[in-house]
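Report on one structure; see the data block that follows.
2 protein chains.
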Amino acid sequence: MDERTYTADAEPGDHVTVAGWVHEVRDLGGIAFLILRDKSGKIQVKFEKDEMDEELVETGLGVHRESVISVTGGVEEEERAPTGVEMLPESLDVLNEADAELPLDPSGKVDADLSTRLDNRTLDLRKKEVQAIFEIRAEVLRAVRDYFRSIGSTEINTPKIVATGTEGGTELFPITYFGEEAFMNQSPQLFKQLMVGSGLERVFEVGPIFRAEEHNTPRHLNEATMIDFESAFIDHEEAMDVCEGTLKAAYEAVEENCEAELDLLGYDDFGTPDGDFPRLTYEEAIERINATGELDEQLVYGDDLSTEAERALGDDVGGHYFITDWPSEIKPFYIQDYEDDPTTSKGFDLMHPRMELVSGGQREHRYGALVEGFEQQGLDPEQFDYYTKMFKYGMPPHAGWAYGVERLVMTMLGLENIREAVLFPRDRQRLSP
Amino acid sequence: MDERTYTADAEPGDHVTVAGWVHEVRDLGGIAFLILRDKSGKIQVKFEKDEMDEELVETGLGVHRESVISVTGGVEEEERAPTGVEMLPESLDVLNEADAELPLDPSGKVDADLSTRLDNRTLDLRKKEVQAIFEIRAEVLRAVRDYFRSIGSTEINTPKIVATGTEGGTELFPITYFGEEAFMNQSPQLFKQLMVGSGLERVFEVGPIFRAEEHNTPRHLNEATMIDFESAFIDHEEAMDVCEGTLKAAYEAVEENCEAELDLLGYDDFGTPDGDFPRLTYEEAIERINATGELDEQLVYGDDLSTEAERALGDDVGGHYFITDWPSEIKPFYIQDYEDDPTTSKGFDLMHPRMELVSGGQREHRYGALVEGFEQQGLDPEQFDYYTKMFKYGMPPHAGWAYGVERLVMTMLGLENIREAVLFPRDRQRLSP
Chain A
1 MDERTYTADA EPGDHVTVAG WVHEVRDLGG IAFLILRDKS GKIQVKFEKD
51 EMDEELVETG LGVHRESVIS VTGGVEEEER APTGVEMLPE SLDVLNEADA
101 ELPLDPSGKV DADLSTRLDN RTLDLRKKEV QAIFEIRAEV LRAVRDYFRS
151 IGSTEINTPK IVATGTEGGT ELFPITYFGE EAFMNQSPQL FKQLMVGSGL
201 ERVFEVGPIF RAEEHNTPRH LNEATMIDFE SAFIDHEEAM DVCEGTLKAA
251 YEAVEENCEA ELDLLGYDDF GTPDGDFPRL TYEEAIERIN ATGELDEQLV
301 YGDDLSTEAE RALGDDVGGH YFITDWPSEI KPFYIQDYED DPTTSKGFDL
351 MHPRMELVSG GQREHRYGAL VEGFEQQGLD PEQFDYYTKM FKYGMPPHAG
401 WAYGVERLVM TMLGLENIRE AVLFPRDRQR LSP
Chain B
1 MDERTYTADA EPGDHVTVAG WVHEVRDLGG IAFLILRDKS GKIQVKFEKD
51 EMDEELVETG LGVHRESVIS VTGGVEEEER APTGVEMLPE SLDVLNEADA
101 ELPLDPSGKV DADLSTRLDN RTLDLRKKEV QAIFEIRAEV LRAVRDYFRS
151 IGSTEINTPK IVATGTEGGT ELFPITYFGE EAFMNQSPQL FKQLMVGSGL
201 ERVFEVGPIF RAEEHNTPRH LNEATMIDFE SAFIDHEEAM DVCEGTLKAA
251 YEAVEENCEA ELDLLGYDDF GTPDGDFPRL TYEEAIERIN ATGELDEQLV
301 YGDDLSTEAE RALGDDVGGH YFITDWPSEI KPFYIQDYED DPTTSKGFDL
351 MHPRMELVSG GQREHRYGAL VEGFEQQGLD PEQFDYYTKM FKYGMPPHAG
401 WAYGVERLVM TMLGLENIRE AVLFPRDRQR LSP
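Which chain is which? The protein sequence lines are A and B, in order.
First residue of the first sequence? That's 1 in UniProt numbering, and the numbers climb one at a time after it.
First residue of the second sequence? That's 1 in UniProt numbering, and the numbers climb one at a time after it.
In structure tokens, the structure reads:
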């Protein structure tokens with residue numbers, strides 16, 4: 001390619017080559033306009049039929065929408081053009097002609113259902129509003145990683161092919177691994193814990209997780225991108241501080257660096273959270289939910305929170321909040337209980353008013369208690385020996401959490417369906433593209 | 001946890017709490033020393049038996065090596081201490097006692113074979129030299145991502161569960177996906193190409209790839225972390241520029257930000273590449289290899305380069321270099337050929353003197369030629385319809401490449417085995433931990 005200028009950088013007086021997609025062609029008779037679109041925006045290309053090379057005009061006006069072209073010419077100020085400038089083409093190359101019929105209209109003028117959009121993500125992502133979601137998603141990942149590094153956390157990658165699932169159970173996709181049965185990992189939980197016992201002490205990972213759950217809802221995925229954090233020598237309160245810190249860092253970064261994207265998505269007030277996230281104990285949460293009167297039946301201690309209960313509390317609180325001090329029996333066995341109250345766990349959830357975002361807690365770091373937990377869960381501790389045995393060789397107290405970037409982006413941008421926040425979602429029906 | 005100070009931050013005159021692992025206890029009679037180790041370094045804790053609380057002394061000197069403890073006390077200057085300071089303990093908590101017998105000696109005084117080390121990665125990573133590799137690996141990822149962002153590339157995540165492999169073929173791990181056959185993805189190739197045709201134009205991904213290759217060598221893994229780049233509107237030459245840019249950025253960042261780690265690993269001169277990487281055509285490469293006289297048999301045009309051939313050329317060039325203009329028949333079908341010479345492809349490899357690092361090229365963006373390529377490869381284009389059909393709707397010219405972070409770290413640090421650069425490697429024998 002010759003030196004190419006983004007349309008957004010083309011200034012009056014420049015002589016440039018721009019390349020992109022034919023967004024629209026409007027033929028007004030003596031003159032005609034071709035709108036060329038690239039990553040950065042759009043530019044109007046003006047054809048003056050009587051004054052320009054015939055072949056050039058014919059090529060430019062005959063090319064199908066969404067074809068890829070390259071145009072060279074001068075840039076002039078033009079008040080009536082959408083961006084205030086227009087190009088007068090001197091040459092035009094058709095780099096790849098598109099079919100006349102498209103399965104999806106990238107101009108967004110014709111609505112398409114989500115399934116058609118996901119089948120044609122390439123075209124779907126030519127819509128600036130869709131592109132904006134994924135630019136924001138990338139910015140969220142950048143901001144979260146930077147935050148982790150600012151607190152001395154080391155990035156790790158742990159294996160996705162594993163011999164046993166994190167919590168055993170049935171929600172695993174089986175793999176054939178050189179003749180052996182293996183699984184796709186449902187969480188880096190055990191591996192990140194092994195690493196806080198190493199010299200790294202404090203680690204994070206951003207990577208895929210796989211869950212063979214059969215539900216098919218607007219907020220579940222069978223493959224998601226998880227942000228995992230785990231640190232030695234912190235407790236669940238400090239883990240919540242870090243969690244809150246990453247979330248605020250993500251919102252702040254998006255507000256600061258994604259102004260154009262937020263504009264496109266129609267945000268006047270983006271709503272970066274300010275102030276500390278309230279931390280309600282499970283008991284307080286239940287009382288508040290019952291007090292809303294929104295539920296048909298009053299909750300009692302030990303109940304898990306239904307979607308309706310979460311919604312009622314979310315509306316009541318009105319922003320992000322933590323729920324702490326869960327009954328031990330409804331939290332995973334690897335979460336530590338309070339020493340003075342073994343029926344209450346040091347697990348926590350971070351809630352967005354719309355849904356649960358984060359699960360975390362202080363972990364059980366004592367070998368005996370951990371092995372007991374496996375047994376109570378009905379799991380064979382022998383199978384997890386590669387993990388539990390390290391707890392005999394100096395495992396520090398530690399805490400951590402995980403959240404999916406898709407749920408974060410979904411709640412941040414108010415998306416109706418979590419599939420809007422994934423390029424190529426995987427669910428029960430969807431395995432391709 | 002109470003406020004904790006890293007050992008490296010403890011200054012004479014401070015009163016601090018440090019927490020970490022018992023690295024060593026030396027009892028000299030009237031006085032004894034406990035060396036406490038944490039992420040940041042080590043500190044000497046001095047016990048004066050006659051002057052200190054008897055229980056404190058007994059606990060401190062009786063605790064097993066690699067136990068996790070927390071010590072509070074004053075810090076004093078002490079020339080004879082390894083770090084120039086020592087602590088006088090006032091209180092000491094044993095947070096988690098280690099077994100007396102360890103499967104691996106984290107002090108590194110007793111050698112362990114790689115398999116034992118990988119079985120006990122938690123202990124293995126308490127060795128500063130091992131920890132250093134993974135701190136450097138994390139810095140490499142940071143630097144490469146920052147470089148990508150500096151050239152306007154958007155981070156993406158593509159699915160790891162797929163209906164068909166990138167190049168078809170047999171080197172795929174099969175999954176059972178809700179009763180359907182699926183595979184773990186061997187490369188984001190097809191997905192990243194779909195994204196350069198979207199509004200994103202220029203993308204990168206850092207994520208796992210899975211290859212069911214049966215070889216078991218010091219430089220192959222069955223699960224690796226791949227750095228993928230792809231961009232619209234660039235050719236193979238520009239793709240090589242970006243590739244070279246990321247590599248130099250990684251070396252520079254490590255040299256600048258990982259001084260302590262490089263010291264630990266014994267580097268006087270790290271060898272950040274300077275100057276442009278030479279770009280040899282395949283024909284030039286063959287001539288140079290033949291001229292070295294290192295090979296028993298002369299290479300002829302069309303031969304792939306054996307490991308010995310790569311070594312001979314690597315020694316001859318003495319640094320990183322590209323090989324371009326490969327015969328089309330030994331490059332994947334999705335690499336574009338020269339228009340004026342369809343037997344020569346726009347594929348390239350980036351070589352380190354020790355081994356191949358990167359594979360890349362300009363891609364075939366024309367629908368007809370792409371479908372023909374699938375057929376010539378013996379693949380059914382119908383199966384890849386989700387991918388090929390997007391080439392009918394305005395796929396721009398594009399190019400890209402991929403390299404594994406493990407090979408990069410391995411060559412950067414001169415590691416003998418690629419497994420040294422992965423926390424939990426996966427190979428034919430190793431599925432756990």
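Think of the CB as a built atom: it goes at the ideal place given N, C-alpha and C, for glycine as much as any other residue.
| said: Suppose only complete runs of 3+ residues qualify. What are the beta strand (DSSP E) ranges in the stretch 311-390 of chain A, listed by chain order? | reply: 321-324, 341-345, 347-352 and 355-362
| message | Taking 7 Å as the limit between beta carbons, can you name the residues of its chain near B:Thr158, skipping five residues before and five after? | response | Pro188, Phe191, Lys192 and Glu205
| Rounded to a whole number of angstroms, what is the C-alpha to C-alpha distance between A:Ile35 and A:Val71? | Each residue's Cα considered, the two are about 11 Å apart.
| Every unbroken beta strand (DSSP E) within the stretch 190-261 of chain A, with a cutoff of 3 residues, ordered by chain | With a minimum length of 3 residues, the unbroken runs of beta strand (DSSP E) contained wholly in the stretch 190-261 of chain A fall at 202-210 and 223-232.
| query | For A:Leu178, does the count of other Cβ atoms within 10 angstroms reach 16, so buried, or fall short, so exposed? | reply | Before going on, a small fix: residue 178 of chain A reads as Phe here, not Leu. A:Phe178 should be labelled exposed.
| query | Excluding five sequence neighbours on each side, which residues of the same chain lie with their C-beta closer than 7 Å to the C-beta of A:Leu313? | reply | Ala285, Arg288 and Ile289
| chain B residues whose Cβ lies nearer than 7 Å to that of A:Met390 | Thr122
| task | Taking 8 Å as the threshold, find out whether the stretch 125-138 of chain A comes into contact with the stretch 25-32 of chain A through three or more Cβ pairs. | result | no
| said: If the cut-off is 7 Å on Cβ atoms, which residues from the stretch 86-117 of chain A count as contacting chain B, listed in chain order? | reply: Leu95, Asn96, Ala98, Asp99 and Leu102
| message | Taking the alpha-carbon of A:Thr246 as reference, which of A:Ala143, A:Gly293 and A:Asp325 has the nearest alpha-carbon? | response | When only C-alpha atoms are compared, the closest one is A:Ala143.
| Name the DSSP bridge partner or partners of B:Pro174? | According to DSSP, B:Pro174 bridges with B:Phe183.
| query | According to the Cβ coordinates, are B:Met390 and A:Thr176 closer than 8 Å? | reply | No. Outside cutoff.
| field | Alpha-carbon to alpha-carbon, B:Glu54 and A:Tyr403 | value | 47 Å
| Between A:Asp263 and A:Thr83, what straight-line distance do the alpha-carbon atoms span, to the nearest angstrom? | Their Cα atoms are separated by approximately 16 Å.
| said: Could you check whether the Cβ of B:Lys128 sits closer than 8 Å to any Cβ belonging to chain A? | reply: yes
| request: Taking 8 Å as the threshold, find out whether the stretch 348-355 of chain A comes into contact with the stretch 313-329 of chain A through three or more Cβ pairs. | output: yes
| Whose C-beta lies closer than 7 Å to the C-beta of A:Asp316 among residues of the same chain, with five residues either side of it excluded? | Arg288 and Thr292
| Should A:Asp340 and A:Lys346 be called a contact, given that it needs their Cβ atoms to be closer than 8 Å? | Contact flag unset, no.
| Beta-carbon separation (whole angstroms), B:Glu66 vs B:Ala98, contact threshold 8 Å | Sure, about 4 Å apart at Cβ, within 8 Å.
| query | In chain A, which residues lie with their C-beta within 8 Å of the C-beta of B:Leu141? | reply | Glu155
| query | Pairing CB atoms from the stretch 236-254 of chain B with CB atoms from the stretch 220-238 of chain A, are three or more of them under 8 Å? | reply | no
| Counting only beta-carbon atoms, is A:Leu194 nearer than 8 Å to chain B? | yes
| request: Measure the C-alpha to C-alpha separation of A:Gly74 and A:Glu259 and round it to an integer number of angstroms. | output: 30 Å
| query | So is A:Glu364 in contact with chain B if we call contact Cβ pairs under 8 Å? | reply | no
| query | Should B:His15 go down as buried or exposed, given a rule of 16 or more other Cβ atoms within 10 Å for buried? | reply | exposed
| field | When B:Val94, B:Gln429 and B:Glu297 are compared against B:Glu308, the one with the closest alpha-carbon | value | B:Glu297
| field | Interface residues of chain B facing A:Met355 [CB-CB closer than 9 Å] | value | Annotation: A:Met355 has no Cβ neighbours in chain B at a cutoff of 9 Å; minimum Cβ distance is about 21 Å.
| From B:Gly414 to B:Glu256, what does the alpha carbon distance come to, in whole angstroms? | 18 Å
| said: Please confirm whether A:Thr272 has its beta-carbon closer than 8 Å to some beta-carbon of chain B. | reply: Chain B, which has no Cβ nearer than 8 Å to the Cβ of A:Thr272, makes this no.
| Minimum C-alpha distance to B:Arg211 - residue among B:Lys160, B:Gly199 and B:His23 | B:Lys160
| said: Check whether the stretch 353-365 of chain A and the stretch 374-387 of chain A touch, using three or more Cβ-Cβ pairs below 8 Å as the test. | reply: Flag = no, the stretch 353-365 of chain A and the stretch 374-387 of chain A do not touch.
| query | Under the three-state reduction of DSSP, which class applies to B:Met87: helix, strand or coil? | reply | Looking at B:Met87 - three-state DSSP - the assignment turns out to be strand.
| query | B:Ala421 and B:Met410 look like a contact to me (Cβ under 8 Å); what is the Cβ gap, rounded to whole Å? | reply | 5 Å
| Rounded C-alpha distance that separates B:Ala138 from B:Val242 | 20 Å
| request: Kindly say whether residue 447 of chain A, judged by its beta-carbon, lies nearer than 8 Å to any beta-carbon of chain B. | output: In the structure as shown, chain A begins at 1 and stops at 433. Residue 447 of chain A is therefore absent and cannot be evaluated.
| said: Give me, in chain order, the residues of the same chain whose beta-carbon lies closer than 6 Å to that of A:Thr154; leave out the 5 immediate sequence neighbours on both sides. | reply: These residues qualify, in order along the chain: Leu200 and Val203.
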